[in-house]
Amino acid sequence: MGTPFIDLLALPCAGASATMYLRWRRSMPPWIRVVPVELPGRGIRMGEPFVEDFDRLVAQISDEHAASMRGRYALFGHSMGALLAYCVAQRQHALAGPLPRAVFVSASPAPSRRDPGRFVGKDDDAALIADLRKQGGTPEEVFASSELLRLTLNTLAADYRVCASFRYRAGEPIFAPIHVFAGREDDIAAERIEAWRREAGDVCTLDWFDGGHFFIRQQEQQVIAAVVRELTHRFSGADHVATASA
Numbered sequence: 006m007g008t009p010f011i012d013l014l015a016l017p018c019a020g021a022s023a024t025m026y027l028r029w030r031r032s033m034p035p036w037i038r039v040v041p042v043e044l045p046g047r048g049i050r051m052g053e054p055f056v057e058d059f060d061r062l063v064a065q066i067s068d069e070h071a072a073s074m075r076g077r078y079a080l081f082g083h084s085m086g087a088l089l090a091y092c093v094a095q096r097q098h099a100l101a102g103p104l105p106r107a108v109f110v111s112a113s114p115a116p117s118r119r120d121p122g123r124f125v126g127k128d129d130d131a132a133l134i135a136d137l138r139k140q141g142g143t144p145e146e147v148f149a150s151s152e153l154l155r156l157t158l159n160t161l162a163a164d165y166r167v168c169a170s171f172r173y174r175a176g177e178p179i180f181a182p183i184h185v186f187a188g189r190e191d192d193i194a195a196e197r198i199e200a201w202r203r204e205a206g207d208v209c210t211l212d213w214f215d216g217g218h219f220f221i222r223q224q225e226q227q228v229i230a231a232v233v234r235e236l237t238h239r240f241s242g243a244d245h246v247a248t249a250s251a
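230 is the number that my numbering gives to position 225 of the sequence shown; each next residue is one higher, with no gaps.
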């Protein structure tokens with residue numbers, strides 16, 4: 006028997022759209038079905054208003070992807086997306102819904118170690134552009150195009166308001182494996198990354214990658230390999246029900 010199909014719901018970082026994961030579909034084995042999650046106000050949902058309240062956005066993501074989350078699924082999120090992914094899993098746990106087979110959190114401090122205040126007041130263009138430059142994940146063509154830059158800044162400002170609205174609530178850990186990815190040159194202190202272990206009621210692993218906040222692009226194939234490794238490990242036993250050839 007082979008490895009079962011699984012949907013990998015992939016949540017974008019602040020200021021980005023689902024397109025940041027489109028290339029992953031070509032690099033993943035066929036039994037991992039990448040589902041790039043598009044948030045309101047960007048990409049193919051450009052005509053919709055931004056959702057700027059964290060809890061409301063988590064609930065909307067959960068409702069919109071309820072069908073995927075009734076089957077085998079895992080969650081992946083980068084930066085803001087990591088926090089959203091974890092809180093989607095936490096909501097599933099609270100509602101006694103099906104839990105993800107794994108939660109991948111990339112380039113994010115643990116929820117208990119976040120500082121929502123760092124996002125407050127960052128809605129003027131100069132501050133937003135400075136952050137984009139500092140994080141290093143924005144292509145130069147975005148800065149060269151006034152239209153693209155405007156769209157990016159509007160999205161980033163809305164997402165910063167989402168992050169500022171997050172409030173940590175200590176509760177039961179989720180009983181799903183948490184796999185933490187971090188960049189060695191990112192400016193997030195190691196102990197804020199390692200604090201993810203306190204959120205896990207099950208397995209928690211930590212992988213370090215060369216690069217800064219956007220190591221996910223600099224080391225894309227290594228990141229994908231780590232995701233495949235962990236999901237393969239999760240399905241290496243008796244859970245082999247469906248096969249990639251089914």
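Don't be surprised by glycine CBs; every beta carbon is placed ideally from N, CA and C.
Asked                                                                                                                        : Found
Beta-carbon contacts of Met25 that lie in its chain and below 6 Å, excluding the five residues immediately before and after  : Pro17
Beta-carbon proximity check, Tyr173 vs Ser117, cutoff 8 Å                                                                    : yes
Length-filtered (3 minimum) beta strand (DSSP E) runs lying within the segment 165–222                                       : 183–188 and 209–214
Cβ neighbour criterion (16 or more within 10 Å) applied to Leu104                                                            : buried
The segment 54–67 touching the segment 133–146, judged by at least three CB pairs closer than 8 Å                            : no
CB of Arg38 within 8 Å of CB of Asp68, strictly                                                                              : no
Endpoints, beta strand (DSSP E) assigned at Asp12                                                                            : Ile11 to Leu16
Proximity winner among Asp120, Ser113, Ala71 and Arg155, relative to Ala131 (alpha-carbon distances)                         : Arg155
Beta-carbon proximity of Ile179 to Gly216, cut-off 8 Å                                                                       : no
Buried versus exposed call for Pro144 [16 or more other C-beta atoms within 10 Å across all chains shown]                    : exposed
Beta-carbon proximity of Ile229 to Ser32, cut-off 8 Å                                                                        : yes
Counted within 10 angstroms of its Cβ, other Cβ atoms place Leu27 as buried (16 or more) or exposed                          : exposed
Exposed unless 16 or more other CB atoms sit within 10 angstroms - verdict on Ala175                                         : exposed
Other residues of its chain near Tyr66: CB distance less than 6 Å, five sequence neighbours each side excluded               : Per the sequence shown, the amino acid found at residue 66 is Ile instead of Tyr. So the list reads Val93, once near-sequence residues are dropped.
Alpha-carbon to alpha-carbon, Met51 and Ala187                                                                               : 30 Å
Rounded Cβ spacing between Leu88 and Phe171 (contact assumed at less than 8 Å)                                               : 7 Å
Nearest-angstrom Cα separation, counted from Glu146 out to Trp29                                                             : 22 Å
Pair within 8 Å by beta-carbon distance, Ala163 and Gly46                                                                    : yes
Residues bridged to Phe81 (per DSSP)                                                                                         : Ala15 and Phe109
DSSP three-state assignment for Pro41, whether helix, strand or coil                                                         : strand
Glu145: first and last residue of the uninterrupted alpha helix (DSSP H) it sits in                                          : Glu145 to Ala149
Pro182, buried or exposed, once every other Cβ within 10 Å from all chains shown has been counted against 16                 : buried
Chain-order list of residues whose beta-carbon lies under 6 Å from that of Pro114 (same chain, five-residue window excluded) : Ile193 and Arg197
Straight-line gap, Arg239 to Gly142 (C-alpha atoms, nearest Å)                                                               : 31 Å
Buried versus exposed call for Asp129 [16 or more other C-beta atoms within 10 Å across all chains shown]                    : exposed
For Met85 and Met74, the rounded distance between their alpha carbons                                                        : 20 Å
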